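Just below is one structure, and these are the notes that go with it.
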Amino acid sequence: MLTPADATTLFLRSLLQSAEAFLGKNIDGAVLTAPGWFAPAQLDALHDAAEAAGIRVLQLLEDAGAAALCAAASASATTTTAQSVEALGPDRTQLVVDLGASSLALSLLAVRQGLFHHLAPPAHHPDVGGDAIDDRLLKFFAKDFSKKTSVPLKVAPASETLDLRAEARLRLALLHTKRTIAASIAGTGGSAATCAVESLKDGLDYTGSINRLRFDMEAAPIYGEVVARAGELLQRAGLDWIQVDEVVYAGGSACLPGLDAALAVHLREDAVTPFTTATVAGGGIGDPTTVLARGAALQARLLAEIENGADERIRKAFERGSELVGVKATQRTIGVLFPEAAGGEGSGAEGLCGQWIGGIRTETAVPARRTYALEVDLGEEGTEGGEKIVGLEVWEVKEGVKIEKVKPPRLEEEEEELEEEEEEEEEIEEKERSIAKEAYLGALTVRVKAGRKEGSRWRTSIEVQLLIEASGKLQVSAYERGKDDSKSVLVV
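Read in order, the letters of the sequence shown correspond to residues -6 to 485 in the numbering used here.
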């Protein structure tokens, strides 16, 4: 009898042989992905099984990390994705949805300049999976078969032998049906996918079809479960849906566009997903079925480069249990405020009494360094006749969500009907991001000497650098570009 460890070893050895046959050479090492909910004993067992299969394990990479790596790679490889991610900026909140056949895994990551940090413990739900979608589709087609042939067929679950065989054949045919649906255009109920099985039961062949609209209706309860569990994860992290900037999908069942449509109801319109950037269709970089493998391959390439030229301390940072893995993170956003300027509508600085320049966002791993080049308006007098002082305030702020209740827009016909009925209309909630002052950290003054005139006004470039050490010490410096003698430093 094979133990789970023996079965895993045999499976990994088969993968190793296939990979070596494809590449035509021996494999020196590999990165393996593992679910985030694996216990240390499970990770040890996976590592030992891989070593027994002849694989030198470079790293056991968490699934969410592999998905995030692949998403970052797709941003640099495709023009559409790069433009979308560039609009979000290098600091964003990422939701990883891993929907497989038998389970759902959710991770909420803070992406900060290429570094990933968990905002809440990963969630694992073994009661939600793609098999539930298959079961509902099986019942749909079994009912259609019975209607067409008058032969009873009971599936999901099946009890009789003939029904069990029919269910197995029907389940295999569903793979093609789901692929066709996944490639169909969203929002079109006319795009149909067929399901054909020879000799399904009692020697009778079956051919049925299902359109995209009906498919999504059958899968809606499972989509709803995924949305509900993702909402619970966000609630544990103290975040709202509109604070999610990017969604990354993994797992075969995450290829279905209906799932993305269900999540899009709660996300912002500019939230980035593999479906909005068109990287899912045709096995693209964002394809959920290959995202983990691609992420592991990218990490393996990085580790191979490190092994060739890095010192021992860097190599050990990637080993399990390394003290460099458990890092501290900031609890508030730290940035710079120009108190003399009014915050614009799109600056996110409402209520701050000035123009807000975000510096180091919350949940950024420390130590961290951020440098910003700012264009400053000096007015019409500028630096004529001497120096000019530019003042900056350094604040710690709290990011949140502002909720306003507004009446929904309506047509003229609807307005006339409401006036006749004299009924009060329900208000809807509109959400937008907000920031609020938390703590004043200090101020900086920069002596500007080299302003340039543009039209009737003078401008200059100021560089601001924020540095947080591992101990939590903050150092903020500002100076006029090209004038090092104008440097001003604040240490908190």
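Quick reminder that beta carbons are idealized off the backbone N, C-alpha and C, glycines included.
Quick caveat: nothing in here was measured; it's all calculated off a predicted structure.
- Item | Beta-carbon contacts of V399 that lie in its chain and below 7 Å, excluding the five residues immediately before and after | Reading the sequence shown from its first residue, position 406 is the one you call residue 399. The residues are E420, I421 and E423.
- Let me know the secondary structure DSSP gives L371 once reduced to three states. The count along the sequence shown starts at 1 and reaches residue 371 at position 378. Three-state DSSP puts L371 in a strand.
- Message: Under DSSP, the alpha helix (DSSP H) around P49 begins and ends at which residues?
- Response: For this step, residue 49 is matched to residue 56 along the sequence shown. According to the sequence displayed, residue 49 carries Arg and not Pro. R49 -> no alpha helix (DSSP H), and no H or E assigned at all.
- Item | Residue nearest to E44 in terms of C-alpha spacing, selected from K381, A59, A23 and D128 | Along the sequence shown, one-based indexing puts residue 44 at 51. Measuring from the Cα of E44, the nearest candidate turns out to be A23.
- Pairwise C-alpha distance: R6 and R49: Mapped onto the sequence shown, residue 49 falls at position 56. Mapped onto the sequence shown, residue 6 falls at position 13. Each residue's alpha carbon lies about 12 Å from the other.
- Query: Of all the options S464, K466, R85 and V439, which has the alpha carbon lying nearest to the alpha carbon of T453?
  - Reply: Locating residue 453 in the sequence shown gives position 460, where the first residue counts as 1. Answer by Cα proximity: V439.
- Query: Q292 to A60, Cα distance in whole Å?
  - Reply: Taking the first residue of the sequence shown as 1, we reach residue 292 at position 299. Taking the first residue of the sequence shown as 1, we reach residue 60 at position 67. Spanning the two alpha carbons is a distance of roughly 11 Å.
- Task: Entirely within the segment 239 to 274 and at least 3 residues each: give me those beta strand (DSSP E) ranges in chain order.
- Result: 239 to 243
- Simplified DSSP state of E420, which is helix, strand or coil: Residue mapping note: residue 420 aligns to position 427 of the sequence shown, counting from 1. It is coil, neither helix nor strand.
- Would DSSP call L39 helix, strand or coil? Working through the sequence shown from its first residue, we reach residue 39 at position 46. Correct three-state label for L39: helix.
- Message: Rounding to the nearest angstrom, what Cα-Cα distance links K194 and V148 in this structure?
- Response: Counting from 1 along the sequence shown, the entry for residue 194 is found at position 201. Counting from 1 along the sequence shown, the entry for residue 148 is found at position 155. About 12 Å.
- Task: Report, in whole angstroms, the separation of the C-beta atoms of V220 and H259, which I expect to be a contact under 8 Å.
- Result: Translated into positions along the sequence shown, residue 220 becomes position 227. Translated into positions along the sequence shown, residue 259 becomes position 266. With a Cβ gap of about 7 Å, V220 and H259 count as contacting.
- Message: Quick check on the burial criterion: 16 or more other C-beta atoms within 10 angstroms. Buried or exposed for R354?
- Response: Position 361 of the sequence shown holds residue 354. So R354 ends up on the buried side.
- Item | D91 burial status per 10 Å Cβ neighbour count (16 or more: buried) | On the sequence shown, position 98 is the one that residue 91 refers to. D91 comes out buried.
- Message: Please classify L(-5) as buried or exposed, where buried requires at least 16 neighbouring CB atoms within 10 angstroms.
- Response: The count along the sequence shown starts at 1 and reaches residue -5 at position 2. It counts as exposed.
- Message: Report the start-end ranges of each beta strand (DSSP E) in the segment 5 to 31 that is 3 residues or longer and not cut off at the edges.
- Response: 23 to 27
- Count the other CB atoms, across all protein chains shown, that sit within 10 Å of the CB of D37; report buried if there are 16 or more and exposed otherwise. Locating residue 37 in the sequence shown gives position 44, counting from the first residue. Exposed.
- Message: Using DSSP's beta-bridge definition, name the partner residues of A429.
- Response: Along the sequence shown, read from residue 1 onward, the residue named residue 429 stands at position 436. For A429, which the question treats as bridged, DSSP gives the partners K391.
- Task: Mind reading off the beta-carbon distance from K480 to V441? Whole number of angstroms is fine, and I expect it under 8 Å.
- Result: By one-based count along the sequence shown, residue 480 stands at place 487. By one-based count along the sequence shown, residue 441 stands at place 448. 12 Å between Cβ atoms; not a contact.
- Item | S449, buried or exposed, once every other Cβ within 10 Å from all chains shown has been counted against 16 | Residue mapping note: residue 449 aligns to position 456 of the sequence shown, counting from 1. Under this definition S449 is an exposed residue.
- With a 10 Å radius around its C-beta and 16 neighbouring C-beta atoms as the bar for buried, classify T154 as buried or exposed. Indexing the sequence shown from 1 puts residue 154 at position 161. The residue in question, T154, is exposed, as its Cβ has fewer than 16 Cβ neighbours within 10 Å.
- Task: Identify, in the order they occur along the chain, each residue of the same chain with its Cβ nearer than 7 Å to the Cβ of D253, setting aside the five sequence neighbours on each side.
- Result: If you number the sequence shown from 1, residue 253 lands on position 260. The answer, listed in chain order, is T266 and F268.
- Collapsed DSSP secondary structure at K446 in the structure displayed: For the purposes of this step, residue 446 is identified with residue 453 of the sequence shown, where counting begins at 1. K446 falls in the strand class under three-state DSSP.
- Range of the contiguous beta strand (DSSP E) that encloses G201: In the sequence shown, residue 201 corresponds to position 208, counting from 1. Residues L197 to N204.
- Task: List the whole-angstrom C-beta distance separating V482 from S464, where the pair is believed to meet the contact cut-off of C-beta under 8 Å.
- Result: For the purposes of this step, residue 482 is taken as the residue at position 489 of the sequence shown. For the purposes of this step, residue 464 is taken as the residue at position 471 of the sequence shown. Not quite, the Cβ-Cβ distance comes to about 17 Å (not below 8 Å), so this is no contact.
- Task: Could you check the C-alpha separation between Y242 and V284 for me, to the nearest Å?
- Result: Position 249 of the sequence shown, counted from the first residue, corresponds to residue 242. Position 291 of the sequence shown, counted from the first residue, corresponds to residue 284. Computed Cα separation, rounded: 8 Å.
- Grab me the residues of S139's own chain with a C-beta within less than 8 Å of its C-beta, minus the 5 sequence neighbours each way, in chain order. Here residue 139 refers to the residue found at position 146 when the sequence shown is read from its first residue. Cβ neighbours of S139 beyond the five flanking positions: P145 and L146.
- Query: Is L385 buried or exposed, if buried means 16 or more other CB atoms sit within 10 Å of its CB?
  - Reply: Here residue 385 refers to the residue found at position 392 when the sequence shown is read from its first residue. Classification for L385: buried.
- Item | For G328: DSSP bridge partner residues | Against the sequence shown, residue 328 aligns to sequence position 335. Partner(s): G351 and W388.
- Going along the chain, which residues of its own chain have a beta-carbon closer than 6 Å to the beta-carbon of P(-3), five neighbours each way excluded? As a position in the sequence shown, residue -3 is number 4, starting the count at 1. Cβ neighbours of P(-3) beyond the five flanking positions: none.
- Query: Under 7 Å between the Cβ atoms of P119 and G29?
  - Reply: Within the sequence shown, numbered from 1, the residue matching residue 119 stands at position 126. Within the sequence shown, numbered from 1, the residue matching residue 29 stands at position 36. No, they are not a contact pair.
- Which residue's Cα is closest to the Cα of L459: V484, G475 and A223? Here the question's residue 459 lines up with position 466 in the sequence shown. The option with the nearest alpha carbon to L459 is V484.
- Exposed or buried, which one is Q324 when buried takes at least 16 other CB atoms within 10 Å? Counted from its first residue, the sequence shown places residue 324 at position 331. By the 10 Å Cβ count, Q324 comes out exposed.
- Message: Can you tell me whether L165 is buried or exposed? The criterion is at least 16 other CB atoms within 10 Å of its CB, across all chains shown.
- Response: What you label residue 165 is simply residue 172 of the sequence shown in a count that begins at 1. So L165 counts as exposed.
- Item | For H109, the first and last residue of its enclosing beta strand (DSSP E) | Within the sequence shown, numbered from 1, the residue matching residue 109 stands at position 116. Note on identity: in this sequence residue 109 is Phe, with His being the wrong assignment. Residues L108 to H111.
- Task: Check whether the Cβ atoms of E13 and R129 lie closer than 7 Å to each other.
- Result: To locate residue 13, count along the sequence shown from 1; it is residue 20. To locate residue 129, count along the sequence shown from 1; it is residue 136. It is not a contact, given that the beta carbons lie outside the stated cut-off.
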